[in-house]
Amino acid sequence: MQRTGVAKLPLHYGKAPKWLVVRMRKLAKEIVTIIINEYGTGEFLKRLSDPFWFQALGCVLGYDWHSSGVTTVVTGVLKQAVIPEEHGVAVCGGKGKISRQTPLEIGLVGEKFGFSDNRIGSLQYASKMSAKVDNTAIQAGYQLYHHAFFVDENGRWTVIQQGMCPQDRTARRYHWLSENVKNFVVEPHNAIVGDARREIALDMTAKESEGCRKASVDLACEPPKKLMRLIMSIRPAYQKSLEEWLPKTAQTQWADYSIDVLSMPAHINWKALQEVYEFKPRNYEELLGFKGVGTATVRG
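The numbering of the sequence shown is the working numbering, which starts it at 11 and goes up by one.
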């Protein structure tokens with residue numbers, strides 16, 4: 011994972027002033043036009059994938075609040091300022107409910123750029139998997155609420171998305187660049203920026219998690235009833251067993267399997283696991299991308 015820097019992103023509520031957004035939009039259009047005319051659309055996407063450049067762009071546009079709002083406001087302004095027919099780049103998605111329209115918007119943009127159905131499908135898949143990875147495969151307390159997908163006329167793309175943690179009022183921004191993504195589930199990011207570093211987190215995209223990814227696929231191909239028994243058999247280290255009060259003889263010797271349970275999910279979608287079992291995923295990417303496989307299933 012190419013982590014190119016860390017920036018503070020305290021979580022702030024509210025909206026940017028309308029007068030400021032109008033000025034930001036005008037300035038953004040001129041800046042984007044100059045960059046694309048001088049260096050091309052590929053360079054523009056590459057710069058967007060740099061968290062420091064993106065943060066600096068927000069300051070240049072006049073949004074110099076050093077907060078989570080930089081992500082949502084700047085991408086929102088770019089969506090209005092960047093014109094596909096003029097710049098050869100389109101911005102899909104956005105904040106909240108708008109993010110769910112990303113696949114539809116990618117389809118419409120793909121038609122404008124003359125993409126084949128297969129290419130449009132692959133772009134929609136990239137959007138889906140980037141969100142699934144940052145919301146499900148990486149679990150550090152940040153729930154995605156913003157997803158912006160930038161795509162140029164050549165099919166290259168950049169993703170800028172953000173999650174929030176209301177408990178400590180921090181946000182974390184994720185940057186993706188298509189040319190650097192060799193595998194969606196093995197360190198695919200161009201950068202991850204945020205304010206807080208977690209003592210305990212789950213990162214299924216880390217190289218060190220390769221064994222865990224393989225084990226997850228193997229378990230997903232097991233009957234769900236067997237998985238249920240295995241999960242229920244795990245007890246935290248502080249939980250006592252009746253066997254501790256039995257005489258220790260050759261016939262009653264047992265192995266101590268108690269472990270520290272790392273935030274085991276309260277609910278697991280067993281129906282989805284049954285469907286996964288019938289599907290038989292060949293690798294972790296297929297497992298993660300399966301509909302219904304969410305944070306609880308991955309952690310379990």
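Quick reminder that beta carbons are idealized off the backbone N, C-alpha and C, glycines included.
- By the criterion of a C-beta distance shorter than 8 Å, Pro291 is surrounded in its chain by Val227, Ala230, Cys231, Leu297, Phe300, once the five residues flanking it on both sides are discounted.
- The beta carbon of Val191 sits closer than 7 Å to the beta carbons of Pro198 from its chain, once the five residues preceding and following it are set aside; these are given in chain order.
- Trp280 sits in a helix when the DSSP states are folded into three classes.
- Listed as beta-bridge partners of Phe160 by DSSP are Val101, Thr168.
- Nearest to His277 by C-alpha distance, out of Thr307, Gly302, Phe289, Tyr294, is Thr307.
- When the five nearest sequence neighbours on each side are left out, the beta carbons in the same chain lying within less than 7 Å of the beta carbon of Asn293 are those of Val227, in order along the chain.
- DSSP, reduced to helix, strand and coil, places Arg292 outside both helices and strands of the structure shown, so it counts as coil.
- Apart from the 5 residues on each side of it in sequence, Ser140 sits with its Cβ closer than 6 Å to the Cβ of Val169, Trp186 in its chain, given in chain order.
- Using a Cβ distance threshold of 7 Å, Thr51 and Gly304 do not count as a contacting pair.
- A straight-line Cα-Cα distance of about 47 Å links Gln90 and Pro234.
- Ile45 carries a helical assignment under DSSP once its states are collapsed to helix, strand and coil.
- If you ignore the 5 residues before and after Val196, its C-beta comes within less than 7 Å of the C-beta of Thr215, Lys217, all in its own chain and listed in chain order.
- By the Cβ-count criterion, Lys107 is exposed, with fewer than 16 other Cβ atoms from all chains shown falling within 10 Å of its own Cβ.
- In the three-state DSSP reduction, Gln149 falls in the strand class (E or B).
- Here Leu212 is buried, its C-beta having at least 16 other C-beta atoms within 10 Å.
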